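J.: If you read the protein sequences in the order shown, they are chains P and S.
According to my numbering, the stretch in the first sequence is residues 2 to 352, in order.
According to my numbering, the stretch in the second sequence is residues 2 to 352, in order.
For each residue, glycine too, the CB sits at the ideal point set by N, CA and C.
Since the model is a prediction, treat every value here as computed from it, not as a measurement.
Protein chains: 2
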Amino acid sequence: MTNIKKNAVIVGFGGMGQQHRRLINRTKHIHVIGTFDIVKEKMDIGVDFQLKAYSSLKEVLEDEQVDIVVVATPNHEHKNIVIQALKYGKHVVCEKPVTLNSRELQDILDVLKTCDTHFFVHQNRRWDEDYLIVKDIYDHQKIGDVFHIETKVHGSRGIPGDWRKEKAYGGGMMLDWGVHLIDRLLMMVNEPVESLFCKLSTIRTQDVDDGFTLHITFKSGTTALVEVGTYNYIQMPLWYVLGSQGAMVIDDWDLNGSIKYFNNQMEKDAKPIIAGAGLTKTMAPRNEETLIVEKVPRISVDYNEFYDNVFNTIQGHDEQIVKNHEVMAVMKLMEDALKSSETGEVIRYSS
Amino acid sequence: MTNIKKNAVIVGFGGMGQQHRRLINRTKHIHVIGTFDIVKEKMDIGVDFQLKAYSSLKEVLEDEQVDIVVVATPNHEHKNIVIQALKYGKHVVCEKPVTLNSRELQDILDVLKTCDTHFFVHQNRRWDEDYLIVKDIYDHQKIGDVFHIETKVHGSRGIPGDWRKEKAYGGGMMLDWGVHLIDRLLMMVNEPVESLFCKLSTIRTQDVDDGFTLHITFKSGTTALVEVGTYNYIQMPLWYVLGSQGAMVIDDWDLNGSIKYFNNQMEKDAKPIIAGAGLTKTMAPRNEETLIVEKVPRISVDYNEFYDNVFNTIQGHDEQIVKNHEVMAVMKLMEDALKSSETGEVIRYSS
Chain P
2 MTNIKKNAVI VGFGGMGQQH RRLINRTKHI HVIGTFDIVK EKMDIGVDFQ LKAYSSLKEV
62 LEDEQVDIVV VATPNHEHKN IVIQALKYGK HVVCEKPVTL NSRELQDILD VLKTCDTHFF
122 VHQNRRWDED YLIVKDIYDH QKIGDVFHIE TKVHGSRGIP GDWRKEKAYG GGMMLDWGVH
182 LIDRLLMMVN EPVESLFCKL STIRTQDVDD GFTLHITFKS GTTALVEVGT YNYIQMPLWY
242 VLGSQGAMVI DDWDLNGSIK YFNNQMEKDA KPIIAGAGLT KTMAPRNEET LIVEKVPRIS
302 VDYNEFYDNV FNTIQGHDEQ IVKNHEVMAV MKLMEDALKS SETGEVIRYS S
Chain S
2 MTNIKKNAVI VGFGGMGQQH RRLINRTKHI HVIGTFDIVK EKMDIGVDFQ LKAYSSLKEV
62 LEDEQVDIVV VATPNHEHKN IVIQALKYGK HVVCEKPVTL NSRELQDILD VLKTCDTHFF
122 VHQNRRWDED YLIVKDIYDH QKIGDVFHIE TKVHGSRGIP GDWRKEKAYG GGMMLDWGVH
182 LIDRLLMMVN EPVESLFCKL STIRTQDVDD GFTLHITFKS GTTALVEVGT YNYIQMPLWY
242 VLGSQGAMVI DDWDLNGSIK YFNNQMEKDA KPIIAGAGLT KTMAPRNEET LIVEKVPRIS
302 VDYNEFYDNV FNTIQGHDEQ IVKNHEVMAV MKLMEDALKS SETGEVIRYS S
């Protein structure tokens with residue numbers, strides 16, 4: 002019987018580490034048995050949940066009861082902890098961003114090749130309902146051929162006052178949120194990137210970006226705008242998608258927004274309207290009868306899928322969902338985006 | 002007594018020519034006496050308003066009663082008509098885009114130098130209330146230092162089915178709407194452009210752009226996004242402005258939208274929220290008590306100012322509002338934008 006529960010220890014028991022405990026508890030197949038954190042108070046939280054407080058990373062790795070190490074430390078620690086855990090024969094789940102750069106990830110993947118164990122990156126926002134709704138619209142051409150996608154996340158508090166402000170710890174919004182938005186975009190628009198142009202913002206930060214605007218042109222000509230902002234007192238929609246037969250907007254995480262489909266009912270040439278100080282024929286509003294307007298359609302999401310897949314992959318019953326070459330593609334694209342911002346130039350890819 | 006009424010003839014009596022008649026009629030100082038159009042039916046509309054139907058452009062220019070020639074033909078005719086009218090000693094008001102390119106405008110300005118008359122370009126959207134509201138916010142730093150400006154116009158009908166689709170006639174959205182949005186942006190952010198990056202869209206057009214996205218970085222670091230779209234079944238706001246102490250959005254020409262001011266009331270570090278499949282501390286919403294939320298403030302606009310200024314400039318009583326070097330700056334920036342789109346590269350300006 003190979004379907005025995007696997008034991009996990011969470012290394013780094015801050016906000017995300019604690020979130021992993023909740024996520025794992027929702028699956029039937031994995032059991033969190035302990036934590037390790039360099040801050041004793043964090044482990045005390047685990048002790049309240051009957052989790053063993055390990056005295057060192059070494060103790061975790063040497064414990065043969067431990068099958069899976071979950072790494073949820075600040076980003077700059079990921080590489081070393083992951084590599085050590087892999088070398089000890091553990092399976093590893095690592096928070097995003099997987100590492101500070103693609104070279105560090107390559108170091109991990111080089112070690113992984115010599116191991117019999119698995120390495121999973123927690124790109125959890127592939128399970129965001131807003132994204133899955135857009136992906137469904139995209140995949141099934143519900144608004145025709147999508148030719149432009151905007152994916153944005155705006156906050157107004159700046160960067161929280163911890164290691165996320167420090168470059169050495171892997172801070173900055175590109176690594177924090179860019180890694181999600183880019184990952185999802187590349188999963189959805191499954192074609193080569195032709196070029197990109199990026200501009201980081203450093204409105205009140207010195208060391209890291211507190212936001213960015215990234216333009217991507219794909220091989221087919223489809224364009225995307227990926228944007229993160231942390232000084233936006235008014236937030237723009239999470240998604241804005243344009244297709245040949247309609248458009249969709251998702252305003253927020255409550256999934257307010259709308260989808261409009263062109264019903265192919267032609268209308269006469271527009272009459273100019275007065276707009277501001279002038280006339281416009283081009284921007285005259287469409288006869289609403291030519292559009293079908295609906296609320297954002299809802300779809301069901303299985304939030305347990307990530308850890309179920311971790312377990313099933315380990316058991317050899319399933320293919321890994323978040324593939325490491327996909328994670329690498331995102332790391333490399335982010336590096337190119339940083340380079341574009343630094344040089345002020347467009348990065349082009351020859352195909 | 003020099004304040005005698007000036008007589009104007011409108012050359013090109015389509016939609017915009019007819020709009021000029023209405024605009025001029027609202028001023029006390031200029032009198033429309035006639036029209037010329039190569040399509041007789043257009044002049045018949047003028048005849049209904051007791052306007053003389055001239056038989057040729059030459060007849061207009063040779064008529065000593067005519068002080069001002071208003072040029073509202075398709076764009077490719079502007080240069081020749083303007084130059085002829087100037088050479089005949091007429092004052093000229095010309096629709097936008099002034100010409101097809103900066104070289105044509107330079108030809109006009111070279112002739113103008115040899116004349117005693119005046120040349121005015123009808124950049125009428127400097128009098129759009131939405132723009133003047135944003136300019137007021139910007140000038141008076143009502144949301145602090147503005148660091149990002151988005152100015153967009155979205156329609157969903159494509160380009161109207163006339164000469165606006167043809168390059169030879171000066172069609173395309175850059176020349177039609179870009180010329181307004183860029184003009185206003187340069188008037189507001191009164192500093193040198195450091196770089197730009199532009200991408201034209203040709204979703205269903207071959208010959209001209211049916212929209213574009215243009216990124217501008219100014220010398221101070223302020224960024225702007227200028228966008229025109231004609232296949233947007235859902236429209237994004239006309240204006241989105243970010244400042245150090247607030248933000249403003251103007252959704253549409255009815256001036257729906259809001260302005261939010263940060264009231265400098267600090268709040269505690271954010272608590273993470275659940276958003277989609279994950280937690281976020283950075284994007285946790287701000288405590289609404291730290292913001293003052295208002296509707297878009299209204300301001301009064303004098304739509305007669307353009308033609309009043311035409312008259313007063315001719316009389317020597319006033320300085321020309323829409324300056325020809327400003328019009329030239331817009332023409333040159335549009336050319337650089339087209340070049341950026343064609344090459345796929347960033348255009349940088351050395352200061």
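With H, G and I counted as helix, E and B as strand and the rest as coil, what does DSSP make of P:MET189?
T.: DSSP places P:MET189 in the helix class (H, G or I) of the three-state scheme.
J.: Could one say the Cβ of P:LEU414 lies closer than 8 Å to chain S's Cβ atoms, at least one of them?
T.: Residue 414 of chain P falls outside the range modelled here, since chain P spans only 2 to 352, and no answer is possible.
J.: If you draw a straight line from the alpha carbon of S:ARG299 to that of P:ILE348, how long is it in whole angstroms?
T.: When the Cα atoms are used, S:ARG299 and P:ILE348 turn out to be separated by approximately 43 Å.
J.: List the endpoints of the continuous beta strand (DSSP E) containing P:GLY212.
T.: 212–219
J.: Using C-beta distances below 8 Å, list every residue in its chain close to P:ILE34, excluding the 5 sequence neighbours before and after it, in chain order.
T.: ASN8, ALA9, VAL10, LEU52, LYS53, GLN66 and VAL67
J.: Does any residue of chain S bring its CB to less than 8 Å from the CB of P:TRP128?
T.: yes
J.: Where S:ALA86 and S:ASN76 are concerned, what is the direct C-alpha to C-alpha distance, given to the nearest angstrom?
T.: 16 Å
J.: If distances are taken between C-alpha atoms only, which option among P:TRP128, P:PHE121, P:LYS296 and P:HIS32 comes closest to P:HIS1?
T.: Not covered by the structure: residue 1 of chain P. The range shown for chain P is 2 to 352.
J.: Just verifying my parser: in three-state terms, what is the DSSP assignment at P:SER196?
T.: strand
J.: Taking Cβ positions only, does S:LEU243 come closer than 8 Å to chain P?
T.: yes
J.: Can you list the residues of chain P that S:LYS261 reaches, using a CB-CB cut of under 9 Å?
T.: SER157, TYR234 and ILE235
J.: S:GLN85 versus chain P: which residues are under 7 Å apart at the beta carbon?
T.: Chain P residues near S:GLN85: none, gap ~26 Å exceeds 7 Å.
J.: Nearest CA to the CA of P:ASP146: which residue from P:HIS318, P:GLN246, P:LYS97 and P:ILE274?
T.: P:GLN246
J.: By how many angstroms is the C-alpha of P:ASP253 removed from the C-alpha of P:TYR241?
T.: 11 Å
J.: In angstroms, rounded to a whole number, what distance separates the CA positions of P:GLY244 and S:ASP211?
T.: 15 Å
J.: Distance, Cα to Cα, S:VAL93 vs S:SER221?
T.: Spanning the two alpha carbons is a distance of roughly 37 Å.
J.: Could you give the distance in angstroms between the alpha-carbon of P:ARG165 and the alpha-carbon of P:VAL40?
T.: 18 Å
J.: Can you give me the start and stop residues for the beta strand (DSSP E) that S:ASN8 sits inside?
T.: Start and end: 7–12.
J.: P:GLU151 and P:LEU226: beta carbons closer than 8 Å?
T.: It is a contact, given that the beta carbons lie within the stated cut-off.
J.: Is the closest heavy atom of the ligand ATP to the C-beta of S:ILE11 under 7 Å?
T.: As far as ligands go, the structure on display features none, and thus does not contain the ligand ATP.
J.: Report the neighbours of P:LEU292 on chain S: residues whose CB is nearer than 9 Å to its CB, in chain order.
T.: SER157 and TYR234
J.: Give me the Cα-Cα distance between S:TYR202 and P:HIS30, rounded to the nearest whole angstrom.
T.: Correcting the residue type first, residue 202 of chain S is Ser in the shown sequence and not Tyr. Rounded to the nearest angstrom, the two C-alpha atoms are 50 Å apart.
J.: Classify S:VAL294 as helix, strand or coil using the three-state DSSP reduction.
T.: S:VAL294 falls in the strand class under three-state DSSP.
J.: Please report whether the beta-carbon of S:PRO161 lies at a distance below 8 Å from any beta-carbon of chain P.
T.: yes
J.: Do you know offhand how far P:GLY277's Cα is from P:ALA169's?
T.: 50 Å
J.: Could you give the first and the last residue of the continuous beta strand (DSSP E) run that contains P:MET329?
T.: First-last for P:MET329: 325–344, but that is the alpha helix (DSSP H), not the beta strand (DSSP E).
J.: Can you tell me the Cα-Cα spacing of S:VAL320 and S:ASP45, whole angstroms?
T.: Correcting the residue type first, residue 320 of chain S is Glu in the shown sequence and not Val. Cα to Cα, S:GLU320 sits roughly 36 Å from S:ASP45.
J.: Below 8 Å on C-beta distance, what does S:VAL302 contact in chain P?
T.: ALA278
J.: Shortest alpha-carbon distance to S:HIS365 belongs to which of S:THR281, S:GLN266, S:GLY13 and S:GLU195?
T.: Within the shown structure, residues of chain S are numbered from 2 to 352, placing residue 365 of chain S beyond reach of any answer.
J.: Please state the DSSP three-state secondary structure of P:ALA276.
T.: strand
J.: Using beta carbons (cut-off 8 Å, strictly below), is S:MET284 in contact with chain B?
T.: Among the protein chains of the structure shown, namely P and S, there is no chain B.
J.: Which word fits S:ILE144, buried or exposed, when buried means at least 16 other C-beta atoms lie within 10 angstroms of its C-beta?
T.: buried
J.: Taking 8 Å as the cut-off, decide whether the C-beta atoms of P:ARG185 and P:TYR139 are in contact.
T.: no
J.: Would you say P:TRP254 faces chain S, with C-beta separation under 8 Å as the test?
T.: yes
J.: For P:GLY179, go through chain S and note every residue whose CB falls closer than 9 Å to its CB, in chain order.
T.: By Cβ distance, chain S contributes nothing, its closest Cβ being about 12 Å from P:GLY179, past 9 Å.
J.: Specify the secondary structure class of P:SER57 as computed by DSSP and reduced to three states.
T.: Looking at P:SER57 - three-state DSSP - the assignment turns out to be coil, as it is neither helix nor strand.
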